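All residue numbers for the sequence shown refer to my numbering, where the first residue is -6 and numbers rise by one.
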Amino acid sequence: MIKSMTGYGKAERQLENGRITVEMRSVNHRFGEISVKLPRALICFENDVRKAAAERLKRGKIDIFIQLDSAAACRPPVVNLPLAKAYFDAFCSLRESLRLDEPVPLSLVVSQKDVLTVMESDDLDSGMRDGLLSAVSEAVDALESMRFREGVELEHDLRSRRGTLASLMEKVREQAPTVPREYAEKLTARLAQLNVGALPDESRIAQEIALMADRCDITEELVRFSSHLVQFDGALDAHEPVGRKLDFILQEMGREVNTMGSKANDGEITTCVVAMKAELEKVREQIQNIE
């Protein structure tokens, strides 16, 4: 089943410590790239979030944004009273040594490192991680739902264009055998004009026609192109990411079409080849957004 690489998902969780909001967006990318932006209070869960997303999102550039309610970001500060007293005594001793009359302000004491500590991510309830990952899972569900919906549209378009390519290929297949015959007729007519009253060398004409038929034979290209169409159908029916596989199949189809155009030496076949190239380019644009 085809899945697009473009999507958006959002989820929220109201926890005891506050509200978590998770937003995800993804766009097409050659590989799988996940970027996680989350508040400092949840930084210890970054790898958990990345792993949870990577298990389900195999390809695309995925940006994950996580917001945490300020009430949940931290708990009330804790005073390290022994350390505060030690700083105060040190400042008082320094004041006496310098023979100063100024009092030691409270702001000076509390501004010292570790006098006031704030319980952040390491001190959050264990339920915070479970709530966060639950919200991430729900956001992935929403994003995947959008990717699947767009994938249905992409698959419909690709199958339609596949049908167009098959029709053009059949026209080429029907026209290909007429190329040597038309060449023989043109060659005989030209020789008749140039050699008035003289009999042309039949064996030489036959040899020239045989060489022409060999040069413009595109049977192998038609067989391989048909094989690629079967592989294309198989990829569309697969239940796994097939974007790269489809891209490779499309490259091979393009090579066969180019060879047909260079060998055929026929106006109708050339017209079909041009149409096939245009259709393949449209398919290529669509495939760039398939996971």
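From the three backbone atoms N, C-alpha and C, an ideal C-beta is built for every residue, glycine too.
The structure presented is a predicted model; accordingly, all values stated were derived computationally and were not measured.
Cα-Cα separation between residue i and residue j, rounded to whole angstroms
i           : j           : result
residue 80  : residue 33  : 28 Å
residue 61  : residue 39  : 14 Å
residue 269 : residue 225 : 15 Å
residue 156 : residue 18  : 33 Å
residue 257 : residue 221 : 20 Å
residue 130 : residue 236 : 24 Å
residue 280 : residue 267 : 20 Å
residue 4   : residue 137 : 13 Å
residue 120 : residue 99  : 37 Å
residue 240 : residue 54  : 18 Å
residue 75  : residue 104 : 15 Å
residue 11  : residue 132 : 18 Å
residue 230 : residue 153 : 14 Å
residue 254 : residue 282 : 29 Å
residue 22  : residue 161 : 31 Å
Terminal residues of the alpha helix (DSSP H) in which residue i lies
i           : result
residue 253 : 236 to 257
residue 228 : 212 to 230
residue 264 : 260 to 280
Residue i, buried or exposed, once every other Cβ within 10 Å from all chains shown has been counted against 16
i           : result
residue 232 : exposed
residue 52  : buried
residue 115 : With a pLDDT of only 48 at residue 115, under 50, the local geometry of the prediction cannot be trusted, and the value read off the model is given with reservation. The residue in question, residue 115, is exposed, as its Cβ has fewer than 16 Cβ neighbours within 10 Å.
residue 140 : buried
residue 271 : exposed
Under 9 Å between C-beta atoms of residue i and residue j
i           : j           : result
residue 277 : residue 249 : no
residue 234 : residue -4  : yes
residue 42  : residue 147 : no
residue 145 : residue 110 : no
residue 124 : residue 49  : no
Beta-carbon proximity list for residue i, same chain, < 6 Å, skipping 5 on both sides
i           : result
residue 77  : 102 and 108
residue 252 : 214
residue 247 : 273
residue 16  : 3 and 58
residue 0   : 19, 136, 139 and 140
residue 262 : 165 and 168
Range of the contiguous beta strand (DSSP E) that encloses residue i
i          : result
residue 94 : Segment: none, residue 94 is in no beta strand (DSSP E) and carries neither H nor E.
residue 38 : Per DSSP, residue 38 belongs to no beta strand (DSSP E) and is neither H nor E.
Contact set for residue i: own chain, Cβ-Cβ below 8 Å, skip 5 residues either direction
i           : result
residue 47  : 25 and 27
residue 122 : 38 and 41
Cut-off 7 Å between Cβ atoms - residues of its own chain near residue i, not counting five sequence neighbours on either side
i           : result
residue 150 : 279
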